[in-house]
Amino acid sequence: MINAAIVGMGTWGQNLVKSVQGVSPHIQFVAGATRTPAKATDFAARHKIRMTDSYEALLEDPAIDAVVLATPHSMHTTQIVAAAQAGKHVFCEKPLGLDSASARRAAEAAALNKVVLGVGYNWRFQPALQEIRRMIDDGRLGKVLHIEGNFCGPSAYRFPNGHWRHAGDESPAGGMTGRGVHVLDAMMYLAGPIDQVTAQSYRLAQDFGSDDTTSMLLHFAGGSTGYLGTVIATAETWRMQVFGSNGWVQVGDVEHLSTWDLLVCMIDRDNVTNKQKPVRTSFAPVSTERAELEHFAACIVNHHALVTPDGDAVRNAEVLEAIVRSSSSHTTVKID
Ligand SMILES: NC(=O)c1ccc[n+]([C@@H]2O[C@H](COP(=O)([O-])OP(=O)(O)OC[C@H]3O[C@@H](n4cnc5c(N)ncnc54)[C@H](OP(=O)(O)O)[C@@H]3O)[C@@H](O)[C@H]2O)c1
């Protein structure tokens, strides 16, 4: 059993706690720290979480094996580095960093101090996405040619003017940090590293806050192409369609945390003009939050590295940085 502390007890921090508390045999939350403890006192009492005065106090507590960060994006790097230097394993919500240098600094601190660093890309635990990965690995889908994705919703309206989510240094490129990075991570899981982006990002719906309409063309180092959009002043939805040389697959729904269906449509090689109807497969529901936290716990127990300086979470931050540069400079940006 890994004894963890939750840091940042807002919407998502509480959701992460609820996903494992009292049900997981592998990880439990024993302590917590947050900016305004009064907002979390009842929650902490209900879930038997001991509140501490500060993050620093948690890092000095020998009873705590790992910290789980659900804090604003700009705090992630400093908090990860501090945890690593204190010898605590650390699971950080996405994004790992707001640019490639920060993300790499976090990953290097974990490697140097021999602690496990995890990042909250919970979509990788969606059964439908894992099935697409298997279809690529065993050749059923053929060569990955192109991926389309979007992740949208009314976030721009949900957060009032002045909320940290609207700050340019917390949410560069509109919905990318809140939503789009999940789709980027899923795309990289399926098609490998991205080496070029051409992005555009605008605020169209309101006269304050972050951009709400962001889209981009992507090129993958392996040759595939892709495009991604995130609109955060519209109704909730997400969708990802992967086009392979044998057919296409599609996943998505209104709610990204309960997406259990996969549509598969394959070419009839004996008659390519014969239009095929997609076949729907449904998977059993899982908690992707519980799955990611238990995977993190297993990696601690087995001394297995998760985020590494040359891994996908750092690459994701590189792509995020390139998207921000591309949309502000109106140019195509290449990524080494
Ligand atoms: N994987 C997913 O699907 C998913 C979904 C949602 C969010 N997330 C991620 O989870 C993290 C937290 O997001 P959230 O939606 O939970 O945010 P939130 O509800 O605003 O919670 C943020 C927490 O951090 C605390 N905090 C500490 N310093 C702060 C500061 N300087 N400014 C503002 N808050 C501060 C807040 O304290 P107060 O109580 O004082 O406000 C609050 O407890 C982000 O990285 C986000 O991207 C991931």
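Residue numbers (our numbering): 21 to 356.
Here a beta-carbon is modelled for each residue, glycine too, at the ideal position from N, C-alpha and C.
Bear in mind that the values here come from a model prediction, so they are computed numbers and not experimental data.
Inter-residue CB distance, Arg259 and Gly267 (contact presumed, cutoff 8 Å): No, Arg259 and Gly267 are not in contact; Cβ-Cβ is about 17 Å, not under 8 Å.
What is the rounded straight-line gap between the Cα of Gly117 and the Cα of Ser94? The alpha-carbon atoms of Gly117 and Ser94 are separated by roughly 7 Å.
On the premise that His202 lies in contact with Phe171, defined as a C-beta separation below 8 Å, what is that separation, rounded to the nearest angstrom? 6 Å
What are the boundary residues of the beta strand (DSSP E) that includes Tyr158? The sequence shown places Asp at residue 158, rather than the Tyr named in the question. No beta strand (DSSP E) holds Asp158; DSSP gives it neither H nor E.
Within the same chain, show all residues whose beta-carbon is closer than 8 Å to that of Glu80, passing over the 5 residues directly before and after it, in chain order. Ala106
What residues are listed by DSSP as bridge partners for Asn23? Gln48
Along the chain, where does the alpha helix (DSSP H) that runs through Val203 open and close? Segment 200-211, the alpha helix (DSSP H) holding Val203.
Cβ-based burial, Gly195 [other Cβ within 10 Å; buried from 16]: Flag for Gly195 reads buried.
Out of Ala83, His166, Leu78, point me to the one whose CA is closest to Tyr247's CA. His166
heavy atom of ligand 1 below 6 Å from Pro92 C-beta: yes
Classify His67 as buried or exposed, calling it buried when 16 or more other Cβ atoms lie within 10 Å of its own Cβ. His67 is classed as buried because its beta carbon has at least 16 other beta carbons within 10 Å across all chains shown.
Could you pull out every residue in the same chain whose Cβ sits closer than 7 Å to the Cβ of Gln34, ignoring the five residues on either side in sequence? Around Gln34: Phe63.
To which residues does DSSP link Trp184 through a beta bridge? Paired residues: none, contrary to the question.
Within its chain, find whatever has a CB closer than 7 Å to the CB of Ala83; leave out the 5 residues flanking it on each side and keep chain order. Asn23, Val50
Rounded Cβ spacing between Leu137 and Ala121 (contact assumed at less than 8 Å): Leu137 to Ala121, Cβ: 16 Å. No contact.
Applying the 10 Å Cβ sphere with the 16-neighbour rule, what's the burial state of Ser191? buried
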